[in-house]
Structure formats: structure tokens, C-alpha cells
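A.B. asks:
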DNA sequence: CGCCTGTTTGAAGTGGTTCAAGACAGGTGG
DNA sequence: CCACCTGTCTTGAACCACTTCAAACAGGCG
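Chains as they are written, first to last, in this note's numbering: chain Z, 121 to 361; chain C, 121 to 361.
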């Protein structure tokens, strides 16, 4: 059954900006339903003009682009709290695809209501823009990583970023966080080959910097890893849609 | 002296969405001045919380990030019509720097007025979000390029994209467009070394696909170049701020 | 003229790719 | 219950696209 926004389990997590009562009330109207999908389900695809926006409530996904040469670039990992489909929402068309990596539950919003949001809820509209700018910021960081860092630095960057983000939504357990992706997914995200990604992971494991197995990532010293990955930014208080 | 928005020379270019009279009137109030800077001038820097937003009226610039290891990633080339500083505008802090590559003239807006825009001009607010989403889209494309394409494909992609964008603002002259950047700039944008970039340019020149010298880029067959660069998206009608 | 920035070229080195093959786990059908 | 998938991870070895090092050249400028 659809969770009421008032009881939204993720809204109160430390990562998210508090919402006023009026905002919660509006979101409750804006939300048209809840969706539950299995792992592997495509949520949005490149070129489509989806009538819907989603917010991930639980589970993990991937945003990616497929190239004419058959290669795949993973743009980012979708985690609980992420807004999905903003591009189609404002520009009318997706230029990347999104799919569920694990089972996911999602809030569903009506794209056509986005306009109402802009007209009547300036604060929320500002938040939407904040989210778009934040994604731009993330991609800029990813670009700098792929473009200028070594394989080891890149993997360390990705792990550290994911660890901090998961920590901020209370998914850290001791020194480990869930990581339900494959090495191929990580390779596609960092522009590396699967083989080299695997060898890089082995090296990080030997040095006790990061151990990734059975869907869980363990990081004994996150600050050391951040240093290796040349991480400069931390997740900041963000609005939730 | 300051151009009135009503007479804005770039608003009527084919690339930009028409603006209503009410919108023009608002922009005229939103705009607090005009700025003219020399080549090399830093406009915004990483970490700063600039009180201003700009729109490039003429001239060329660069957005880039500097890494702790001393390397530089160019995120994009700033062309006339581009909005600068949106990140600081909504998130309060820049995570990349922007500087002028040539002489530039810029419209200056007051960041604190951005909020007024969101409250009283929903359409314009929507446009701002559109712009943010469009930058995200571009960075996704750049990521796929750097991550998955060969050096030749990357250079072809960058050239084709710039050519089409400049064409859309009437800066094409026959088969040539202005390109006032250095090979080092391009190398930093594509995550390649200067030497290899230079050799790749030589190869494209030999094959008569693209000739870049003395600040001008000539492309005899843009569609062939787009194919080589695996270009899938074209510049689309965009709002101007 | 001397200096600076940007471009060009050659040659050597390497971080990463590609190819190949095996191990292991989970799932499926006979 | 076993044989046989298929997907993921792992490892070794050969190769090459790109980097790094080095040096020369061209144009603009005080």
C-alpha cells in the first residue's frame, strides 16, 4: 500500500532537508502512486518521453547511456532518495536510460503536475532546480575522475563517494555498506575494462583499503580511501522530492 | 553602455526560445549590469559563493576543475548565450571555476533576485531548471565520450558539437567557425595528453576532416565528422536568461 | 634580439586493453 | 541427483593506445 508522505521513511534521514507541513501536504497530492519493480526492470529509456517522474524509496538502480559502438557508460548509481526522470520532466526527453539493479520501490509523480509545482510552490521548484544542479555537479566530478585520475584513484573515488552517500541514509553497518552492483557495472562507470577493474579491486583488497564481496563493501579507513581517490566533496543536505 | 534586454542581440538568434514581453520586462529588472572582461580573467572560482550570475553575450570562456594532483579537467566551453554560475546561484557554492578565454561581455544578474524569479515568474523558473538539466545532459554526453570513445572519436565529437552550437548562433562562416582555444584546453577537456591530442589533430587534418589553425576551425563535411564522433544529439531550442 | 606561449615531431615507456581460460555459484531440466 | 547451462569473478600473457620525455620550431611582443 502506498506510504503517505507524512510517514515517508526516508524523509527524516539525516541527508535530507526538513520539509514544511504545507510542502508535505502538496507532495501527497503530487504523488500519484507507488511502484515496486524487480531487479533488471527498465524504468526509463533513452529517447523516451516518460509521463512520469520517480523518487527511489528503496533499492538500487543504474543510469546509463548506450553508444552506437555498443559500449555502455554508467552515469551514476541510483540510491534511495534519488529523483529519476527529471530530464524528461523538464526537457521532454531522456538522453539516458535508468534501470533497477535490485528490487526497488518508487514514488510515482505525474510529470504534468510539475508545472503546477512551479506555479504554486516556488520553494519546491527551487528544490527541483537544486537537484538538477546537484546532478550536474556530480557529473562534473565524475568527468574529472575519468578524465584525470588513475584506475586506483578512480575506484577509490567511487567507493568513497558511495560509502558516504549510503552512510548518510543510514545504510552503513559498522564498516560495511551494501553494494549490489557487478564489477562490470563499476567498470562501465569508470571507463575501465572489466579485467583491469578486477585487478585494481584485488590490489585495494590486498592493501586492506576496500573489500567488496557478496554485495557488500567494507572500508576500514574511509578517510584514507578518500585521500587516495582525491575526493573533495561530501554529500550535503539535500531536498527530497 | 548596457544593452537593454529589449534590444538584446542574441535573444533573437535561431538557437533561443522566443520570450514574451512580460519576460523581457522582468529580465530587464533582473539584470543589474553589463560586464566586459579581458581574456584570462577569472569569472568564478571553485569554492566561491559568488553573489552574481552571468550570461555570456559575446566571447568565449572555459569551465574547469583543478584536482589536488595538479591536473585540470575542462568541463565545457562557454559560448555566447550560456548561463554562468547557476550552481552557486542555487546551491550556494561553485564546484568548478570559470574563466574568460577571449575578451567577453556578460550580462550580470543578482543572485538574490533568483528567488524573486522563482516566486513571481514560474515560467522563467522552469527555464532555469531546463538550463540546469541541459547542462547535466551535456556532461553525461561528455562522460560517455571520455569514458568510451577513442581519441579520434573524442576529438571529432568535440569539434562537431562546437561547430553545431556555433552554427546555431550564427557564427559559422562558410565551413569555418571560431575556435579561440589552445590544444592544451582541448586535451584537458577530453582527458588526453597534449602530445596525443596534437597527433590526433594532425591525422584529422590529413584526412581533410577538420582543420584547426589560427583560431578557426574548418569542417568540410560536418555530417561525416558527426558520424566519426558518434554524435547523437543536436543543440535544441533553448531558453536564454 | 631574447623571451614567452603554443605547436609540432620523434622516440621510449607504461597503464591500460584484449584475448584466453579456468573456477565457482545458482538455476534448470532430464 | 547429476549434467549442463549462464553469469560473475579471477588470473596470466600479449599487445597497443596513449603518456611521458625531449627537443625544435613559429609567431608575437617588449
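Heads up, the beta-carbon is just placed ideally off N, CA and C, and yes, glycines get one too. Since the model is a prediction, treat every value here as computed from it, not as a measurement.
1. Rounded to the nearest angstrom, how far is the Cβ of residue 227 (chain Z) from that of residue 177 (chain Z), given a contact under 8 angstroms?
2. Just to confirm, are residue 134 (chain Z) and residue 250 (chain Z) a CB contact at a threshold of 8 angstroms?
3. Whose CA, out of C:239, C:199, C:267, lies closest to the CA of residue 289 (chain C)?
4. Could you tell me the alpha carbon to alpha carbon distance between residue 242 (chain Z) and residue 294 (chain C), rounded to whole angstroms?
5. Can you name the start and end residues of the beta strand (DSSP E) that residue 183 (chain C) belongs to?
6. Look at the alpha carbon of residue 331 (chain C) and the alpha carbon of residue 220 (chain C), and state the distance between them as a whole number of angstroms.
7. So, are the CB atoms of residue 185 (chain Z) and residue 193 (chain Z) less than 8 angstroms apart?
8. What are the partner residues of residue 297 (chain Z), as DSSP defines its beta bridges?
9. Taking the beta carbon of residue 189 (chain C) as the centre, do at least 16 other beta carbons fall within 10 Å, making it buried, or is it exposed?
10. Would you mind reading off the limits of the alpha helix (DSSP H) that contains residue 319 (chain Z)?
11. Starting from the C-beta of residue 285 (chain C), find all residues in its chain whose C-beta is less than 7 angstroms away, skip the five residues before and the five after it, and write them out in chain order.
12. At least one CB of chain Z closer than 8 angstroms to the CB of residue 185 (chain C): is that the case?
13. Count the other C-beta atoms from every protein chain shown that fall within 10 angstroms of the C-beta of residue 216 (chain C), then say buried if there are 16 or more, exposed otherwise.
14. According to DSSP, is residue 204 (chain C) part of a helix, a strand, or is it coil?
15. Does the beta carbon of residue 210 (chain Z) come closer than 8 angstroms to any beta carbon on chain C?
16. Tell me whether residue 263 (chain C) sits in a helix, a strand or coil according to DSSP, three-state version.
17. Can you give, in chain order, each stretch of the beta strand (DSSP E) that sits fully within the region 207-257 of chain Z and has at least 3 residues?
18. I'd like to confirm the pairing. Which residues does DSSP put opposite residue 332 (chain C) in its beta bridges?
19. Are the C-beta of residue 255 (chain Z) and some C-beta of chain C separated by less than 8 angstroms?
20. Residue 180 (chain C): which of C:164, C:187, C:170, C:202 sits nearest, CA to CA?
21. With distances taken Cα to Cα, identify the nearest neighbour of residue 297 (chain Z) among Z:183, Z:322, Z:339.
22. I'd like to know whether the C-beta of residue 353 (chain Z) is nearer than 8 angstroms to at least one C-beta of chain C.
23. Taking all protein chains shown into account, do 16 or more other C-beta atoms lie within 10 angstroms of the C-beta of residue 207 (chain C), making it buried, or fewer, making it exposed?
24. Who are the Cβ neighbours of residue 162 (chain Z) in its own chain at under 6 angstroms, not counting the five residues just before and after it?
25. Kindly indicate which three-state DSSP category residue 272 (chain C) falls into: helix, strand or coil?
26. Under the three-state reduction of DSSP, which class applies to residue 131 (chain C): helix, strand or coil?
27. Could you have a look at residue 348 (chain Z) and say whether DSSP puts it in helix, strand or coil?
28. Run through DSSP, which three-state label would residue 64 (chain Z) get?
29. Check whether the Cβ atoms of residue 254 (chain C) and residue 211 (chain Z) sit closer than 8 angstroms, and answer yes or no.
30. For chain C, check one thing: does any of its Cβ atoms lie closer than 8 angstroms to the Cβ of residue 266 (chain Z)?
31. State buried or exposed for residue 305 (chain Z), treating a residue as buried only when at least 16 other CB atoms are found within 10 Å of its CB.
32. Quick check on residue 358 (chain Z): does DSSP put it in helix, strand or coil?
33. Under 7 angstroms Cβ-Cβ, which residues of chain Z neighbour residue 216 (chain C)?
34. Would you identify the three-state DSSP class for residue 152 (chain C), choosing helix, strand or coil?
35. Can you confirm whether residue 329 (chain C), when its beta carbon is compared against all beta carbons of chain Z, has any partner nearer than 8 angstroms?
C.D. replies: With the structure as the only source:
1. The residue given as residue 227 (chain Z) occupies position 107 in the first chain. The residue given as residue 177 (chain Z) occupies position 57 in the first chain. With a Cβ gap of about 6 angstroms, residue 227 (chain Z) and residue 177 (chain Z) count as contacting.
2. For the purposes of this step, residue 134 (chain Z) is taken as the residue at position 14 of the first chain. For the purposes of this step, residue 250 (chain Z) is taken as the residue at position 130 of the first chain. Using a Cβ distance threshold of 8 angstroms, residue 134 (chain Z) and residue 250 (chain Z) do not count as a contacting pair.
3. Position 169 of the second chain, counted from the start, is the residue given in the question as residue 289 (chain C). It is C:199 whose Cα lies nearest to the Cα of residue 289 (chain C).
4. Locating residue 242 (chain Z) in the first chain gives position 122, where the first residue counts as 1. Locating residue 294 (chain C) in the second chain gives position 174, where the first residue counts as 1. Spanning the two alpha carbons is a distance of roughly 45 angstroms.
5. Start at 1 with the first residue of the second chain, and residue 183 (chain C) comes out as number 63. Note, residue 183 (chain C): beta strand (DSSP E), 181-186.
6. By one-based count along the second chain, residue 331 (chain C) stands at place 211. By one-based count along the second chain, residue 220 (chain C) stands at place 100. Each residue's alpha carbon lies about 24 angstroms from the other.
7. The residue given as residue 185 (chain Z) occupies position 65 in the first chain. The residue given as residue 193 (chain Z) occupies position 73 in the first chain. Note that the C-beta distance between residue 185 (chain Z) and residue 193 (chain Z) is below 8 angstroms.
8. Counted from its first residue, the first chain places residue 297 (chain Z) at position 177. DSSP output for residue 297 (chain Z) lists Z:337 as bridge partner(s).
9. Numbered from its first residue, the second chain carries residue 189 (chain C) at position 69. Per the 10 Å Cβ criterion, exposed.
10. For the purposes of this step, residue 319 (chain Z) is identified with residue 199 of the first chain, where counting begins at 1. Here the alpha helix (DSSP H) through residue 319 (chain Z) covers 314-326.
11. Numbered from 1 along the second chain, position 165 holds the residue referred to as residue 285 (chain C). Excluding residues within five positions, the ones whose Cβ falls inside 7 angstroms are 199, 355.
12. On the second chain, position 65 is the one that residue 185 (chain C) refers to. It does: the Cβ of residue 185 (chain C) has a partner Cβ on chain Z nearer than 8 angstroms.
13. The residue labelled residue 216 (chain C) in the question sits at position 96 within the second chain. Residue 216 (chain C) comes out buried.
14. Here residue 204 (chain C) is taken as the residue at index 84 of the second chain, counted from 1. If DSSP states are grouped into helix, strand and coil, residue 204 (chain C) belongs with the strands.
15. Mapped onto the first chain, residue 210 (chain Z) falls at position 90. Chain C contact via Cβ: present.
16. As a working note, residue 263 (chain C) is residue 143 in the second chain. Residue state, collapsed to three classes: helix.
17. 217-220, 224-230
18. Position 212 of the second chain, counted from the first residue, corresponds to residue 332 (chain C). Answer is C:337, bridged to residue 332 (chain C).
19. To locate residue 255 (chain Z), count along the first chain from 1; it is residue 135. So yes, residue 255 (chain Z) belongs to the interface.
20. Stepping through the second chain from its first residue, residue 180 (chain C) is reached at position 60. The option with the nearest alpha carbon to residue 180 (chain C) is C:202.
21. Reading the first chain from its first residue, position 177 is the one you call residue 297 (chain Z). It is Z:339 whose Cα lies nearest to the Cα of residue 297 (chain Z).
22. To locate residue 353 (chain Z), count along the first chain from 1; it is residue 233. For residue 353 (chain Z), the answer is yes, since a Cβ of chain C falls inside 8 angstroms of its Cβ.
23. Numbered from its first residue, the second chain carries residue 207 (chain C) at position 87. Buried, since its Cβ has 16 or more Cβ neighbours within 10 Å.
24. Counted from its first residue, the first chain places residue 162 (chain Z) at position 42. Within the same chain, residue 162 (chain Z) has close Cβ partners 219.
25. On the second chain, residue 272 (chain C) is found 152 positions in, with the first residue counted as 1. Helix, per DSSP.
26. Working through the second chain from its first residue, we reach residue 131 (chain C) at position 11. Looking at residue 131 (chain C) - three-state DSSP - the assignment turns out to be coil, as it is neither helix nor strand.
27. Along the first chain, read from residue 1 onward, the residue named residue 348 (chain Z) stands at position 228. Here residue 348 (chain Z) sits in helix by DSSP.
28. Residue coverage of chain Z in this structure runs from 121 to 361, which leaves residue 64 (chain Z) outside it and unanswerable.
29. Mapped onto the second chain, residue 254 (chain C) falls at position 134. Mapped onto the first chain, residue 211 (chain Z) falls at position 91. In this structure, residue 211 (chain Z) lies closer than 8 angstroms to residue 254 (chain C) by Cβ.
30. Locating residue 266 (chain Z) in the first chain gives position 146, where the first residue counts as 1. With 8 angstroms as the cut-off, residue 266 (chain Z) counts as an interface residue toward chain C.
31. Start at 1 with the first residue of the first chain, and residue 305 (chain Z) comes out as number 185. Looking at its Cβ environment, which holds 16 or more other Cβ atoms inside 10 Å, residue 305 (chain Z) is buried.
32. On the first chain, residue 358 (chain Z) is found 238 positions in, with the first residue counted as 1. If DSSP states are grouped into helix, strand and coil, residue 358 (chain Z) belongs with the strands.
33. As a working note, residue 216 (chain C) is residue 96 in the second chain. The contacting residues are 260.
34. Here the question's residue 152 (chain C) lines up with position 32 in the second chain. Looking at residue 152 (chain C) - three-state DSSP - the assignment turns out to be strand.
35. By one-based count along the second chain, residue 329 (chain C) stands at place 209. With its beta carbon at least 8 angstroms from every one in chain Z, residue 329 (chain C) lies outside the interface.
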